[in-house]
Amino acid sequence: DVKVTQSSRYLVKRTGEKVFLECVQDMDHENMFWYRQDPGLGLRLIYFSYDVKMKEKGDIPEGYSVSREKKERFSLILESASTNQTSMYLCASSPPHSGDGYTFGSGTRLTVV
Amino acid sequence: RKEVEQDPGPFNVPEGATVAFNCTYSNSASQSFFWYRQDCRKEPKLLMSVYSSGNEDGRFTAQLNRASQYISLLIRDSKLSDSATYLCVVMYSGTYKYIFGTGTRLKVLA
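Chains as they are written, first to last, in our numbering: chain E, 130 to 242; chain R, 75 to 184.
Structure (structure tokens):
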């Protein structure tokens, strides 16, 4: 089975801190995604990548950046954390033909205080 | 109008009941369709893909109506363990991105 691992399950950071969320997948998937999930808003795409060193903005990229230096790792960076970035962050990966479905990591619940 | 719309529920049903959820999508270029299940405080997991001809997996049946732009999920003989949020997912042709509905919450009651 594909495994997508997110480095932290729970994280508490202070406003203004630079925050790194790490995601690693072990099935050689080309596509990787970062979503945030908020009550009533569902999952919203922040950034995605379909190859090493490639990245595309999703629907809500403001305040975030990403890095994909290796195929298996996709990092989400909050340049200067703010309280409105308190959320559940979900990483996902998929093979090239996304018709096969995404596999999600278990999520990181980030609280910015 | 949201790209993918679902009734948020909750749908409260007794064990053994049959329950159906619909999901509408706005973009006719949508190509792939899925239902995901998400338990409380857990990640979404793929429940089933939705094929044009409809498909069944045990107690679960998914159907697609392209003319009316909706997909449906039918759960027969509901179990307590079916309690979860069911997410409708649409992928547009030529993209890698999924568009998620906000989910329909199901509670199966003993």
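Every residue, glycine too, gets a C-beta built ideally from N, C-alpha and C.
Neighbour flag for residue i against chain E, beta carbons, 7 Å
{"i": "Y144 of chain R", "result": "no"}
{"i": "Y99 of chain R", "result": "no"}
{"i": "P84 of chain R", "result": "no"}
{"i": "E71 of chain R", "result": "This structure leaves residue 71 of chain R out entirely; chain R is present only between 75 and 184."}
{"i": "P118 of chain R", "result": "yes"}
{"i": "Y160 of chain R", "result": "no"}
{"i": "T135 of chain R", "result": "no"}
{"i": "Y170 of chain R", "result": "yes"}
{"i": "F174 of chain R", "result": "yes"}
Residue i in three-state terms, based on DSSP
{"i": "Q135 of chain E", "result": "strand"}
{"i": "D81 of chain R", "result": "coil"}
{"i": "Q214 of chain E", "result": "helix"}
{"i": "L170 of chain E", "result": "coil"}
{"i": "D156 of chain R", "result": "helix"}
{"i": "D113 of chain R", "result": "coil"}
{"i": "D188 of chain E", "result": "coil"}
{"i": "D229 of chain E", "result": "helix"}
{"i": "E130 of chain R", "result": "strand"}
{"i": "M62 of chain R", "result": "Residue numbering for chain R in the displayed model covers 75 to 184; residue 62 of chain R lies beyond these limits and cannot be assessed."}
{"i": "Y144 of chain R", "result": "strand"}
{"i": "R179 of chain R", "result": "strand"}
{"i": "A184 of chain R", "result": "coil"}
{"i": "V141 of chain E", "result": "strand"}
{"i": "Y170 of chain R", "result": "coil"}
{"i": "K199 of chain E", "result": "strand"}
{"i": "A221 of chain E", "result": "strand"}
{"i": "L75 of chain R", "result": "One point to set straight first is that residue 75 of chain R is Arg, not Leu, in the sequence displayed. Coil at R75 of chain R, not helix or strand."}
Interface flag, residue i vs chain R, CB-CB below 7 Å
{"i": "Y193 of chain E", "result": "no"}
{"i": "S196 of chain E", "result": "no"}
{"i": "G230 of chain E", "result": "yes"}
{"i": "S235 of chain E", "result": "yes"}
{"i": "Y139 of chain E", "result": "no"}
{"i": "L150 of chain E", "result": "no"}
{"i": "G171 of chain E", "result": "yes"}
{"i": "L219 of chain E", "result": "yes"}
{"i": "Y179 of chain E", "result": "yes"}
Beta-carbon separation (whole angstroms), residue i vs residue j, contact threshold 8 Å
{"i": "E165 of chain E", "j": "S216 of chain E", "result": "Strictly speaking, residue 165 of chain E in this sequence is Arg, with Glu absent from that position. Confirmed, about 4 Å."}
{"i": "D156 of chain R", "j": "L180 of chain R", "result": "6 Å"}
{"i": "S204 of chain E", "j": "L150 of chain E", "result": "7 Å"}
{"i": "K184 of chain E", "j": "R197 of chain E", "result": "6 Å"}
{"i": "Y179 of chain E", "j": "N160 of chain E", "result": "5 Å"}
{"i": "P82 of chain R", "j": "T176 of chain R", "result": "6 Å"}
{"i": "V158 of chain R", "j": "R111 of chain R", "result": "A quick correction: the sequence has Ala, not Val, at residue 158 of chain R. Right, their Cβ atoms sit about 5 Å apart."}
Delimiting residues of the beta strand (DSSP E) encompassing residue i
{"i": "S123 of chain R", "result": "K119 to V124"}
{"i": "L207 of chain E", "result": "R202 to L207"}
{"i": "D157 of chain E", "result": "That residue, D157 of chain E, is in no beta strand (DSSP E); it is neither H nor E in DSSP."}
{"i": "V241 of chain E", "result": "T237 to V241"}
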